[in-house]
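Working notes for the structure below.
Number of protein chains: 2
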Amino acid sequence: MRLVIAKCSVDYAGRLSAHLPLATRLLMLKADGSLLVHSDGGSYKPLNWMSPPCTIAMSEPSDEQREFGITELWTVTQGKTADLLIVSIHEVLHDSAHELGVDPGLQKDGVEAHLQKLLAEQIELLGEGHRLVRREYMTAIGPVDILATDAAGRSVAVELKRRGDIDGVEQLTRYLELMNRDPRLAPVQGVFAAQEIKPQARTLAEDRGIRCLVLDYDAMRGIDNADERLF
Amino acid sequence: MRLVIAKCSVDYAGRLSAHLPLATRLLMLKADGSLLVHSDGGSYKPLNWMSPPCTIAMSEPSDEQREFGITELWTVTQGKTADLLIVSIHEVLHDSAHELGVDPGLQKDGVEAHLQKLLAEQIELLGEGHRLVRREYMTAIGPVDILATDAAGRSVAVELKRRGDIDGVEQLTRYLELMNRDPRLAPVQGVFAAQEIKPQARTLAEDRGIRCLVLDYDAMRGIDNADERLF
DNA sequence: CGCTGCATTTCGCAT
DNA sequence: ATGCGAAGTGCAGCG
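Protein chains in written order, with this note's numbering: chain A, 3 to 233; chain B, 3 to 233.
Right, dumping it as structure tokens:
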């Protein structure tokens with residue numbers, strides 16, 4: 003990895019056109035040829051970048067460009083998408099290269115998969131007498147997160163989200179419509195379960211007879227097993 | 003901005019738990035206190051990070067940690083969300099600080115806004131005799147991208163996307179349902195316009211009587227004006 | 001290999 | 001502030 007702090011301007015032409023006026027920024031060149039342009043703020047997202055696979059060409063500026071103060075030109079191209087990124091460097095303030103090696107990668111634990119596993123194990127959170135039929139119940143238009151039965155043995159289809167948005171309600175509605183045509187399943191009750199449900203989503207869901215269930219992830223995890231804490 | 007290349011392991015506990023095994027990585031400390039952990043590959047997304055506002059505390063390791071080879075500990079916390087990120091540093095290979103100043107920011111030009119402008123100008127792409135009523139036509143549940151009339155003077159509502167997905171069809175469907183209840187507008191014909199329309203979205207749209215229109219951005223831009231090229 | 005759904009999404013705009 | 005839609009989204013899993 004090569005790290006360059008430089009006064010530069012940047013132009014990008016691809017799916018959109020973008021321009022960065024002259025300022026001091028970090029240019030990060032990764033081993034795979036990709037380039038990231040970072041400022042000293044914002045989030046983790048670079049101001050501009052070029053994703054691999056791409057090739058970078060360093061070149062001398064023309065006389066005209068030199069008159070504008072450009073001392074160095076970096077042209078980054080992506081063969082497939084014809085994207086083009088040009089870094090016009092005016093002054094290099096720092097330049098260092100480092101051998102990092104291959105990263106073993108991130109180990110994740112959590113999110114929707116875990117939530118689904120927990121709810122499957124604690125299926126009575128749906129209501130007394132509920133039983134799990136199966137997770138990822140396959141339908142013609144995709145898998146329903148959880149299929150269960152209520153105390154009376156009627157089908158219950160659960161759509162799980164971390165954040166319950168209107169999209170999730172639409173998705174569940176499509177599933178329910180389809181599943182209710184299946185005489186082996188009908189009538190199917192819908193449950194929209196999430197850690198947090200947006201008011202609009204709740205309104206839409208309840209308007210369609212879909213039950214809303216707010217899940218307490220920490221509590222569910224606490225019931226599950228109190229041993230898997232990180233610290 | 004402070005740049006540190008270090009052999010380190012990283013633990014994150016927040017909405018999920020994540021762990022990075024010992025390896026050499028770039029630690030980027032931004033002026034706003036945020037921290038990014040980058041490897042020498044992947045995309046523009048860091049392996050791990052902490053978003054601002056957050057505070058970072060450097061501390062000495064305990065004797066036990068020192069035995070494991072840890073020479074320095076960075077603890078990053080976010081007051082509001084109680085997220086916690088811990089960097090266990092084993093060896094510092096590079097450490098430099100740089101004054102970058104405030105970035106003037108990115109100037110964008112393109113994507114959906116431009117596509118909307120172009121289609122408004124070239125409204126006959128919808129069909130002969132079509133006329134623009136207005137862009138961002140406001141309804142109770144949000145703005146319709148384009149409202150037009152066809153040759154016979156009937157209303158046409160256009161939903162624009164760069165990539166035509168099933169979500170866009172659902173969105174347009176909600177608009178149409180609402181607008182068709184308005185006697186001044188009804189009957190309203192729906193047009194789903196995008197640079198690329200997914201087969202599933204097309205099927206759903208056509209099943210609901212919504213017309214699909216694939217737009218050629220480059221051609222539309224070419225007709226519009228051939229002067230605004232960057233290079 | 002293409003499609004689908006998730007994301008510690010982030011970002012920007014409008015209410 | 002808050003909610004909502006878009007992103008040069010990236011990424012992983014699965015058919």
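Ideal Cβ positions, reconstructed from N, Cα and C, are used throughout, including at glycine.
The model shown is predicted, which means the values in this text are computed figures rather than measured ones.
Along the region 20-37 of chain B, where does the CB come closer than 9 Å to a CB of chain A? Name the residues.
Cβ contacts with chain A: Ala20, His21, Leu22, Pro23, Leu24, Ala25, Thr26, Arg27, Leu28, Met30, Lys32, Ala33, Asp34, Ser36.
Original post:
Can you list, in chain order, the stretches of the beta strand (DSSP E) that have 3 or more residues and sit fully within the region 5-47 of chain B?
Top reply: 18-31, 37-40
With 8 Å as the threshold, decide whether the Cβ of B/Glu198 is near any Cβ in chain A.
no
Taking buried to mean at least 16 other C-beta atoms within 10 Å of its own C-beta, is A/Arg27 buried or exposed?
buried
Going by beta-carbon coordinates alone, are A/Glu93 and A/Ala25 separated by less than 8 Å?
no
Review point. With distances taken from CA atoms, which of B/Gly71, B/Arg186, B/Leu206, B/Ala159 is nearest B/Val193?
Key: B/Ala159
A/Pro145 burial status per 10 Å Cβ neighbour count (16 or more: buried):
The residue in question, A/Pro145, is exposed, as its Cβ has fewer than 16 Cβ neighbours within 10 Å.
_Is the beta carbon of B/Gln118 closer than 8 Å to that of B/Arg133?_
A distance of 8 Å or more separates the beta carbons of B/Arg133 and B/Gln118.
What residues in the region 42-67 of chain A have a beta carbon less than 7 Å from any beta carbon of chain B? Asp42, Gly43, Ser45, Tyr46, Lys47, Pro48, Leu49, Asn50, Trp51, Ser53
Legend entry - Beta-bridge partners of B/Met243, as assigned by DSSP: What is shown of chain B runs 3 to 233, which leaves residue 243 of chain B out entirely.
Under DSSP, the beta strand (DSSP E) around B/Asp97 begins and ends at which residues? Run containing B/Asp97: 86-99, per the beta strand (DSSP E) assignment.
- Task: Return the first residue and the last residue of the alpha helix (DSSP H) that B/Arg213 is part of.
- Result: Per DSSP, B/Arg213 belongs to no alpha helix (DSSP H); it is in the beta strand (DSSP E), 213-216.
Requested in this report: Could you work out which residue in B/Leu87, B/Arg165, B/Leu38 is closest to B/Met3 when comparing CA atoms only?
Outcome: B/Leu38
Counting only the same chain and skipping the five closest in sequence on each side, list residues whose C-beta sits under 7 Å from that of A/Thr83. Gly16
request  = Would you please state the rounded distance, in angstroms, between the beta carbons of A/Gly35 and A/Pro54? I believe it to be under 8 Å.
outcome  = 6 Å
Quick one: list the residues of chain A neighbouring B/Lys110, beta-carbon separation under 8 Å, in chain order.
Leu18, Ser19, Ala20
Would you say A/Leu232 lies against chain B (beta-carbon separation less than 8 Å)? Interpretation of A/Leu232 is limited by its pLDDT of 39, a score under 50 that renders its predicted location unreliable; no figure is taken from the coordinates.
- request: Locate the alpha helix (DSSP H) running through B/Gly170, then write down its first and last residues.
  value: Taken as a continuous stretch (DSSP letters only), the alpha helix (DSSP H) holding B/Gly170 covers 168-181.
C-alpha gap between B/Leu206 and B/Leu18, whole angstroms
36 Å
Please work out which residues of its chain come closer than 6 Å, Cβ to Cβ, to B/Ser98, disregarding the five sequence neighbours upstream and downstream, and give them in chain order.
Cβ neighbours of B/Ser98 beyond the five flanking positions: Leu5.
Checklist entry - Which residues, in order along the region 90-109 of chain B, keep a beta-carbon less than 9 Å from a beta-carbon of chain A? => result Leu95, His96, Ser98, His100, Glu101, Leu102, Gly103, Val104, Asp105, Pro106, Gly107, Leu108, Gln109
Margin query: On the CB-based measure, 16 or more other CB atoms within 10 Å of its CB, does B/Val104 come out buried or exposed?
Written below: exposed
Practice prompt. Please list, in chain order, all residues of the same chain as A/Thr175 whose beta carbon is under 7 Å from its beta carbon, the five residues on each side excluded.
Written response: Exclusion of the five residues before and after A/Thr175 leaves Arg210 as the residues of its chain whose Cβ lies within less than 7 Å of its Cβ.
Under 7 Å by beta carbon: chain A residues contacting B/Met222 | Within chain A, no residue comes near B/Met222; the closest Cβ sits about 14 Å away, beyond 7 Å.
- prompt: Using the beta-carbon count (16 or more within 10 Å), is B/Met181 buried or exposed?
  reply: buried
Consult DSSP for B/Lys163 and reduce its assignment to one of helix, strand or coil.
strand
*asked:* With a threshold of 8 Å between beta-carbons, can B/Ala121 be considered close to chain A, or not?
replied: The sequence shown places Leu at residue 121 of chain B, not Ala. It does not: the Cβ of B/Leu121 has no partner Cβ on chain A nearer than 8 Å.
Check your understanding: So which of B/Gly170, B/Arg186, B/Asp184, B/Asp218 has the shortest CA-CA distance to B/Lys200?
Key -> B/Gly170
request  = Leaving out five residues on either side along the sequence, give the residues of the same chain with a beta carbon under 7 Å from the beta carbon of A/Arg156.
outcome  = Pro189, Gln191
Should A/Ala150 and A/Ile125 be called a contact, given that it needs their Cβ atoms to be closer than 8 Å? Result yes, Cβ atoms of A/Ala150 and A/Ile125 sit closer than 8 Å.
Going by C-alpha distance, which of B/Glu130, B/Glu114, B/Tyr14 is nearest B/Gln197? B/Glu114
**Asked** In whole angstroms, what separates the C-alpha of B/Lys163 from that of B/His116?
**Response** 11 Å
| message | Counting only C-beta atoms, is B/Leu149 closer than 8 Å to chain A at any point? | response | Against chain A, the CB of B/Leu149 has no partner CB under 8 Å away; the residue lies outside that interface.
- Task: Tell me whether A/Asp111 sits in a helix, a strand or coil according to DSSP, three-state version.
- Result: Secondary structure of A/Asp111 (DSSP, three-state): strand.
Check your understanding: Can the beta-carbon of A/Pro23 be found less than 8 Å from the beta-carbon of B/Pro106?
Key -> yes
- [ ] Could you tell me which chain A residues have their CB closer than 7 Å to the CB of B/Leu5, listed as they occur along the chain?
- [x] Those within 7 Å of B/Leu5 in chain A are Leu5.
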